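Before any comments, here is the structure.
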Amino acid sequence: MNIADGTQVASHIQHDKPRGLARWLFATNHKDIGTLYLWFSFAMFISGGVMALGIRAELFSPGLQFWQPELFNQLTTLHGLVMVFGAIMPAFTGLANWMLPLMIGAPDMAFARMNNWSFWLLPPAALLLMISFWVPGGAAAAGWTLYAPLSTQGGMGTDLTIFAIHILGVSSIMGAINIVVTVLNLRAPGMTLMKMPMFAWASLITAYLIIAVMPVLAGVVTMVLTDRHFGTHFFNAAGGGDPVMYQHIFWFFGHPEVYIMALPAFGIVSQVIPTFARKPLFGYTSMVYATSSIAILSFMVWAHHMFTTGMPATAQLFFMYATMLIAVPTGVKVFNWVATMWEGAMTFETPMLFAIGFVMLFTIGGLSGVILSVAAVDIQLQDTYYVVAHFHYVLVAGALFSLFSAVYYWFPKMTGKMYSEKLGQLHFWWSLVWFNITFFPMHFLGLAGMPRRIPDYALQFTDFNAIASVGAFMFGFGQLIFFYNMVRSIRHGQPAPQKPWEGANTLEWAIATPAPYHSFVVAPQLEVGDNGVILEMKGGEHH
Amino acid sequence: MQGHGTAAGEESAAQQTRYFVPPPSRWPLVGAVALFCIGLGAAFALNGMLLGPLSLGAGVAILVWMLVGWFRDVIRESRAGSYRAREDMSFRWGMGWFIFSEVMFFAAFFGALYYVRVIALPELGDETHKLLWPDFNPAWPLQTAPGIDAVYQAMGAWGLPAINTAILLSSGGTLTWAHWGMIEGKRSQLAWGLGITVLLGMLFLSLQAYEYHHALSELGLSFASGAYGMTFYMMTGFHGMHVLVGTLILAVIWVRVLRGHFSEHNHFAFEAAAWYWHFVDVVWLLLFVFVYWL
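One line per chain: the protein sequences are A and B, in this order.
UniProt numbering numbers the first residue of the first sequence as 1 and each following residue consecutively.
UniProt numbering numbers the first residue of the second sequence as 1 and each following residue consecutively.
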């Protein structure tokens with residue numbers, strides 16, 4: 001390092017840790033921004049969860065109990081939008097913000113100031129969505145997919161939703177560009193692409209998917225907007241358009257979006273399982289290729305969401321086989337996780353429990369996905385509760401469980417405190433049991449023909465609905481255990497050691513706990529094994 | 001070197017041990033407030049509420065303030081030498097991925113155009129639909145629409161659009177000529193090339209505005225003319241907005257050039273603007289082929 005180098009830049013980097021509200025409002029520190037993302041996402045998880053409980057309360061018994069059908073539809077719509085764009089995606093971005101620089105030896109995210117804009121666009125978008133409940137006509141009620149022609153009708157709540165989606169899109173594209181550039185350009189010497197942690201790989205590929213498809217979503221909701229207000233006929237046959245075209249463009253975004261919510265989960269589990277099995281990740285290279293294959297295939301399967309729209313049989317077959325093909329790389333991953341655990345010296349701390357819960361339940365959701373990929377079966381099950389059960393297995397027991405796993409896993413590094421293991425275990429078992437009580441019966445409801453997105457149902461569906469509703473409320477209350485555990489542990493938790501997990505050997509565990517405010521201000525020299533395992537570290541400078 | 005940056009030859013990214021992390025900044029938050037006001041205002045304005053235009057106007061004003069302030073900070077940091085080889089590489093990756101996202105945005109509309117032309121319209125004109133709309137002829141360019149009153153003439157390709165194609169292609173040439181000037185240290189060639197490019201951009205926009213006026217008043221072609229009108233205005237409109245933004249960016253770069261910014265080795269802002277301009281150029285070529293010509 002030459003002298004000019006040090007003096008010139010030091011003044012820029014060593015700005016003190018800002019205090020008070022300004023620290024959060026004007027943040028350029030990846031850890032602060034990551035924290036903002038995670039708390040925001042938890043707030044949205046609670047909001048979306050309250051809407052879910054509103055749905056389950058109404059469905060506890062047949063007949064209309066609490067809400068008019070219009071409000072019920074608004075609740076299902078906003079529940080989906082808030083959970084997808086407000087809870088799951090920002091939570092993964094927040095984790096990437098917090099952990100990526102620590103795991104690859106970078107001083108911060110590549111664009112630290114733009115990073116803050118990515119975050120601060122989320123609250124305004126969430127606010128627009130919430131405001132939409134209170135405007136004339138209420139919130140959007142066309143389902144989170146906003147299908148035309150439902151979405152080209154309706155009140156101004158849909159307009160607010162469209163603009164909220166535009167803002168969310170800007171936020172996630174900037175966040176994704178930041179992640180891609182950080183991973184490609186800011187890895188410490190020795191942290192090569194084919195050695196870096198799976199979490200970095202998963203974040204990189206997820207970010208690529210976001211950059212590729214969020215603009216497509218922005219485009220299609222813009223067409224909805226002009227159909228609504230400027231006289232175009234994109235989704236109206238009278239003018240030469242086609243409502244089915246909406247579904248094609250939407251699902252060209254929507255199916256990669258599914259993997260945007262799943263790939264980071266794969267990355268997290270690929271860090272957690274080796275740590276608690278005390279064995280290297282089995283088949284690291286195949287994991288990288290499997291993740292890439294899933295990303296590529298995700299662009300070619302969108303119309304499996306549309307088997308009942310009257311596609312030609314050839315198209316149905318193509319999309320059916322392409323969809324089944326995704327089970328191959330996904331299967332590679334599941335077998336690799338199991339093989340990692342095979343003959344491992346396993347312990348079952350909370351992060352590991354959630355990771356194993358993820359592998360078990362995500363696989364169930366994946367397999368019901370293979371069932372749904374069969375066009376002939378899907379025509380029966382389209383828009384039934386079987387589909388609802390399927391995607392909640394991959395999104396709740398999949399994405400959400402992996403997020404819990406990650407938060408417990410990295411909590412000591414982030415806060416310098418240990419969480420309560422007893423409460424963590426309680427949270428896991430509580431969530432596991434009530435999750436299954438909520439969503440497993442939905443398979444039966446769907447197979448028996450109960451349609452989704454209805455506030456009332458035929459009498460024969462009563463019992464399973466009642467069970468699901470009880471499960472949902474219990475699952476919901478169980479999340480308060482998590483909240484209590486986090487808040488109490490941040491304040492009064494036991495101090496955490498530098499490396500609380502015996503088997504953890506990636507870069508973030510090689511620095512102090514809690515992570516210094518400015519870590520890797522000077523990049524370390526590394527020797528790295530598969531999956532980011534640090535064999536040797538020289539240098540590195542923190543403040 | 002004019003006091004900013006180091007030549008790429010002096011220190012490579014691999015030799016650079018520290019990376020520039022900007023200090024806390026208020027601009028992101030200001031930008032978030034701006035987009036909130038714009039989103040809320042646009043939704044209210046579209047539904048005829050008084051608050052709408054006020055909020056929209058305030059949002060745009062705040063956004064402009066933010067953009068000026070933010071870029072001023074970036075330019076100052078650049079001039080102070082904060083950005084070196086590693087940061088330069090980040091900016092290149094970042095701009096490249098941003099343009100990729102723009103490509104995908106236009107892909108959504110090209111997808112809609114192809115879908116309408118290849119799948120939707122032939123079906124709407126087939127034997128079954130003859131029962132519903134006996135007079136509808138699905139041949140492109142569409143002369144009417146199946147179920148709405150739309151009397152218009154399609155826009156020909158070889159009048160103004162061809163001239164505009166020539167203008168944009170030339171502007172790509174003048175910009176590259178300016179870039180050669182930059183690299184060889186010929187500042188006057190740089191300034192002239194850039195200035196002419198900005199003028200060509202403005203000329204393109206003026207002709208596009210005239211073309212819209214012509215289409216609306218003489219051809220009877222509007223946004224509401226069905227599949228032809230909607231794809232025509234949506235795609236050329238979004239392209240036009242990108243030309244406008246590109247022209248503004250190039251104008252800012254031009255002013256910076258006149259003030260003596262940039263050097264032979266250190267001028268990524270110029271290159272980023274050029275990448276963006278060429279991207280907009282390529283989109284136009286596709287538009288010319290698929291919207292105007294074929």
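Glycine is no exception: its CB is placed at the ideal position from the N, C-alpha and C atoms.
Computed from a prediction, not measured in an experiment: that's the story for all the values here.
What residue does the beta strand (DSSP E) around Gln-74/A start on, and which one ends it?
-> Where Gln-74/A is concerned, there is no enclosing beta strand (DSSP E), although the alpha helix (DSSP H) it sits in stretches over 69–81.
Could you give the residue range of the alpha helix (DSSP H) that holds Met-194/A?
-> No alpha helix (DSSP H) holds Met-194/A; DSSP gives it neither H nor E.
Are Ala-58/B and Met-155/B closer than 8 Å when you measure CB to CB?
-> no
Any Cβ of chain B within less than 8 Å of the Cβ of Trp-117/A?
-> yes
Measure from the C-beta of Thr-17/B to each C-beta in chain A and report whether the shortest distance is under 8 Å.
-> yes
Within the 8 Å Cβ cut-off, does His-543/A reach chain B?
-> no
Could you name the residues of the same chain whose beta carbon sits closer than 8 Å to that of Ala-43/B, not counting the 5 residues immediately before and after it, in chain order?
-> Gly-52
Run through DSSP, which three-state label would Arg-92/B get?
-> helix
If you compare alpha carbons, which of Tyr-321/A, Phe-299/A, Ser-420/A, Asn-236/A is closest to Ala-145/B?
-> Asn-236/A
Quick one: Cα of Phe-319/A to Cα of Met-261/A, how far?
-> 21 Å
Excluding five sequence neighbours on each side, which residues of the same chain lie with their C-beta closer than 6 Å to the C-beta of Lys-17/A?
-> Tyr-517
So is Thr-232/A in contact with chain B if we call contact Cβ pairs under 8 Å?
-> yes
Could you name the residues of the same chain whose beta carbon sits closer than 8 Å to that of Ile-55/A, not counting the 5 residues immediately before and after it, in chain order?
-> Phe-72, Leu-75, Thr-76, His-79
For Gln-153/A, the first and last residue of its enclosing alpha helix (DSSP H) = Segment: none, Gln-153/A is in no alpha helix (DSSP H) and carries neither H nor E.
Assign Ser-25/B to buried or exposed, taking buried as 16 or more other Cβ atoms, counted over all protein chains shown, within 10 Å of its Cβ.
-> buried
Have a look at Ala-339/A and Arg-72/B and give me their C-alpha separation to the nearest angstrom.
-> 54 Å
Interface residues of chain A around Gly-173/B at Cβ under 7 Å?
-> Near Gly-173/B there are no residues of chain A at all, since even the closest Cβ is about 29 Å away, more than 7 Å.
Residue burial classification, Phe-199/A (beta-carbon count within 10 angstroms, cutoff 16) = buried
Strand pairing of Ile-534/A, partner residues [DSSP] = Val-528/A
For the candidate residues Leu-217/A, Leu-186/A, Trp-117/A, whose alpha-carbon lies nearest to that of Leu-102/A?
-> Leu-186/A
Name the chain B residues that come within less than 8 Å of Leu-25/A, Cβ to Cβ?
-> Arg-26, Leu-29
Go ahead and label Gly-5/B buried or exposed: buried means 16 or more other beta carbons lie within 10 angstroms of its beta carbon, across all protein chains shown.
-> Only weak support is given to the placement of Gly-5/B: the predicted model assigns it a pLDDT of 44, under 50, and the value that follows is read from those uncertain coordinates. Buried, since its Cβ has 16 or more Cβ neighbours within 10 Å.
Pull up the CB-CB distance for Ile-179/A and Ala-207/A, whole angstroms please, since I reckon it's below 8 Å.
-> 4 Å
Should Thr-513/A go down as buried or exposed, given a rule of 16 or more other Cβ atoms within 10 Å for buried?
-> buried
Any idea if Trp-130/B is buried or exposed, counting beta-carbon neighbours within 10 angstroms, 16 or more meaning buried?
-> Per the sequence presented here, residue 130/B reads as Lys, with Trp not at that position. Lys-130/B is exposed by the Cβ-count criterion.
Select from the segment 237–251 of chain B all residues with a C-beta closer than 8 Å to any C-beta belonging to chain A, and list them in chain order.
-> none
At a Cβ cut of 7 Å, what residues of the segment 183–204 of chain A count as close to chain B, listed as they run along the chain?
-> Leu-184, Asn-185, Leu-186
Between Val-521/A and Met-174/A, what straight-line distance do the alpha-carbon atoms span, to the nearest angstrom?
-> 23 Å
Have a look at Leu-59/A and Phe-253/A and give me their C-alpha separation to the nearest angstrom.
-> 30 Å
Residues of its chain near Pro-243/A, where Cβ-Cβ distance is below 7 Å and the 5 sequence neighbours each way are ignored | Ala-148, Pro-149, Phe-235
Under 7 Å between beta-carbons, which chain B residues line up against Gly-219/A? List them in chain order, please.
-> Phe-105, Ala-108, Phe-109
Which same chain residues, not among the five before or five after Phe-163/A, have their C-beta less than 7 Å away from its C-beta?
-> Leu-128
Report all residues from its chain with a CB closer than 8 Å to the CB of Arg-19/A; omit the five preceding and five following residues, and keep chain order.
-> none
Please report the residue range of the alpha helix (DSSP H) in which Ala-58/B lies.
-> 51–79
Around the Cβ of Asn-2/A, are there at least 16 other Cβ atoms within 10 angstroms (buried) or fewer (exposed)?
-> Confidence at Asn-2/A is low in this model, with a pLDDT of 37, below 50, so its placement is unreliable and no value can be given for it.
Bridge partners - Lys-417/A, DSSP secondary structure assignment | Pro-495/A
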